[in-house]
Every structure is written in C-alpha cells, then in structure tokens.
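Take a look at the structure below.
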Amino acid sequence: MAQSHPPSALPPHIAVANHKGGVGKTSTTVGLAAAAAEAGERVLVVDMDPQGNSTRRLRAHLPDALEDRAAASLAGVLPSPARGEAARIVTPCGWSAPYSSRIDVLPSDLDLELLGLTAGLPSAERRLLRALATVVDAYDLVLIDCPPSLLSHLTDNAWTASDYLLVPCEAEFESVQAARRVSERIARDRHTLNPDLQIAGFVPTRYRAHLGVHRTRLEDMAKISGPESICPTRFPELAVMKTASEKALPLTECGSQGRDMAALFRDAYTWLRNRITHLEKSAA
Ligand SMILES: Nc1ncnc2c1ncn2[C@@H]1O[C@H](COP(=O)(O)OP(=O)(O)OP(=O)(O)O)[C@@H](O)[C@H]1O
Ligand SMILES: [Mg+2]
Numbered sequence: 111m112a113q114s115h116p117p118s119a120l121p122p123h124i125a126v127a128n129h130k131g132g133v134g135k136t137s138t139t140v141g142l143a144a145a146a147a148e149a150g151e152r153v154l155v156v157d158m159d160p161q162g163n164s165t166r167r168l169r170a171h172l173p174d175a176l177e178d179r180a181a182a183s184l185a186g187v188l189p190s191p192a193r194g195e196a197a198r199i200v201t202p203c204g205w206s207a208p209y210s211s212r213i214d215v216l217p218s219d220l221d222l223e224l225l226g227l228t229a230g231l232p233s234a235e236r237r238l239l240r241a242l243a244t245v246v247d248a249y250d251l252v253l254i255d256c257p258p259s260l261l262s263h264l265t266d267n268a269w270t271a272s273d274y275l276l277v278p279c280e281a282e283f284e285s286v287q288a289a290r291r292v293s294e295r296i297a298r299d300r301h302t303l304n305p306d307l308q309i310a311g312f313v314p315t316r317y318r319a320h321l322g323v324h325r326t327r328l329e330d331m332a333k334i335s336g337p338e339s340i341c342p343t344r345f346p347e348l349a350v351m352k353t354a355s356e357k358a359l360p361l362t363e364c365g366s367q368g369r370d371m372a373a374l375f376r377d378a379y380t381w382l383r384n385r386i387t388h389l390e391k392s393a394a
C-alpha cells in the first residue's frame, strides 16, 4: 500500500550521511529506496556524491559522451539552478518493474565536485533546495546520498535541503567517531544551515554480533542521540551486498541471501517511517 502524503505536505527529505567513506551510505540509500518502492511508494534518489555510485547502482542512464554527461546530471543543474530545474534531469531507475516506475534518480557526475568552486556565491548552499522545488511533489520519499565529507559545499547543500539525517554507521571506533562529528556539526551549525534539520537515526551496517567490540561500539553509537535513535535492524556483513553493488541489481534479484537482505531493508524502512512520525509529533 502506497504511503501517500497530504497534497499540501512535502515528502520527507532524508540525507544519508556520515563523515566516513565506505560505511554503507550508498548501500543504505539504494536499499531503502528499493524497500519503499516495494511498498508501492514513489522515491526520488538525489545523488550528491560526485562518485556517482547510487546513479550507477540504480542504473540511471547518462549519455556516453563525457561533455554531455555533466549537463544531464546535477553537475549541470546546480551551478545556477532555476527553481525546480532538477525536473529536466529526472532519470528513471534502470532496474526491472516495480522499481523502474517507482524510483527516479537525479544523477551525479564527476563534475559535481567542482560545485565547491562557487561556494562563495550568495545563498550557494540553497542551490539544491531551489532546484528540487516542486519536483519533489510527485514523490512519497526523497533520499539524498551524501559524499563522505562533513564541511564540504556538497554536504551543506544536501543538509540544507533535508528534514532529517540518517547515519549509516559501522560498529567500529572510527565510524562511530565520524557519526559523532555529524551530530556535533548539526548541533553547531543548524541555526545557519537548516534550523529544522535533525537526526532521524543511525543504521548499524556490516554488523557482526559475535564480535564483542561491535556490541561495545553499538552502545557507544546509542550514546550519541539515545538508544531510540538506533535502528533495531542490524545489517550483517554479507557478500551479497557486494554482488548487488557490483552487478547494479536489486537485492531481490540476488538469490535467497539477497532476498533476506531486502527484507531487512523493509524492516529498517518501517522503523524509519515510524521514527519520522514520532519526531514530527514531538516537534508539533
Ligand atoms: N552489509 C554489507 N556487507 C558486505 N558488504 C557491504 C555491506 N554494506 C556495504 N557493503 C559494501 O561495502 C562497500 C562500501 O559500501 P557503500 O558504497 O554503500 O559505502 P559508502 O558509505 O556509500 O561509501 P562512500 O563513502 O565511498 O560513498 C561497497 O562495495 C558495498 O557493496
Ligand atoms: Mg557512497
């Protein structure tokens, strides 16, 4: 059953971020997008990472010619966007049904890295927000895949456009430290960047329950924003995640292990929706 929102309300905009590379930001973005699509929702995935990994994994088509790629991506829209200009680069997910008709991508390209060169322009950090205006009305959920940086202009744009942050986090010291820096930056810069931004939660990734150190680091994670902010679904370290990303396929097409992992993403998505409802009620 599709999770529709009232006509006047915007879909939740969720930035998937951590100040650490390789912790599962893109895997979480893609897995949750798939889970939402399986539930009948329409999802917009905004790829704010110049690596373009969610663009590739969702098989969003970009032109082959290098000079045309940037123009068809956020790298072509964000330098000086008109309101709602992202509409011209909306690209369907290249997976099979039902994903193809329910997930759209705002693709990324390497040239997006250059956006920071114009970070000094007035309201430069509001460019993504401006480009997304009205485009998002057609969706039930907007997921923004962030680069692994904290003080970058791309991160500022992603967070300014978001209502919530979701922080994928390995239960390891450096990853938890990085998540803590995310939380500290929100506390410090929220008033200038985005007063409404809050952390929806932390998603434990590549979790190995038999490791004592992982259990300890999970407790450390809970100390950042409280145990209720930790997604109860722990994503195990499984080779099928690599298969899905290598082949750019949905987990549901990667055998029984993939279907099990897809079910975990559905659980995590249910938790995320409930968590957002709870946070909305608390803020009202
Ligand atoms: N639960 C898991 N088990 C095994 N491998 C995983 C798991 N989650 C992610 N991976 C793999 O780890 C690698 C990094 O994951 P991913 O690209 O999602 O991280 P990221 O945080 O987006 O990285 P970056 O900071 O570079 O954007 C990928 O090859 C992915 O397939
Ligand atoms: Mg990534």
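When we follow my numbering, the leftmost residue of the sequence shown carries the number 111, and every step to the right adds one.
The C-beta atom is built at its ideal place from N, Cα and C for all residues, glycine as well.
- Leu303 is bridged by DSSP to nothing; it lacks a bridge partner.
- Distance from the CA of Ala143 to the CA of Asp255, rounded to the nearest whole angstrom, comes to 11 Å.
- Boundaries for Tyr317: no beta strand (DSSP E) harbours it, and the DSSP string shows neither H nor E there.
- Not one heavy atom of ligand 2 is found less than 6 Å from the C-beta of Lys352.
- By the Cβ neighbour-count rule, Val126 is buried, with 16 or more other Cβ atoms within 10 Å of its own.
- DSSP places Ile213 in no alpha helix (DSSP H) but in the uninterrupted beta strand (DSSP E) bounded by Ile213 to Leu216.
- For Asp219, the distance from the CB to the nearest heavy atom of ligand 2 is not below 6 Å.
- Listed in chain order, the non-local C-beta contacts of Ile340 below 8 Å within the same chain comprise Gly311, Phe312, Pro314, Leu328, Met331 and Ala332, local neighbours out to five positions each way being set aside.
- Residues of the same chain with a CB within less than 6 Å of the CB of Thr138, apart from the 5 flanking positions on each side, are Val126, Pro278 and Val313 in chain order.
- The beta carbon of Gln367 is closer than 8 Å to those of Leu348, Ala349 and Val350 in its chain, skipping five residues each way along the sequence.
- Contact annotation: Thr270 and Asn304 have beta-carbon atoms nearer than 7 Å.
- Residue side-chain check: Asp157 keeps its Cβ at 6 Å or more from all non-hydrogen atoms of ligand 2.
- Ala229 and Gly365 have their alpha carbons spaced roughly 45 Å apart.
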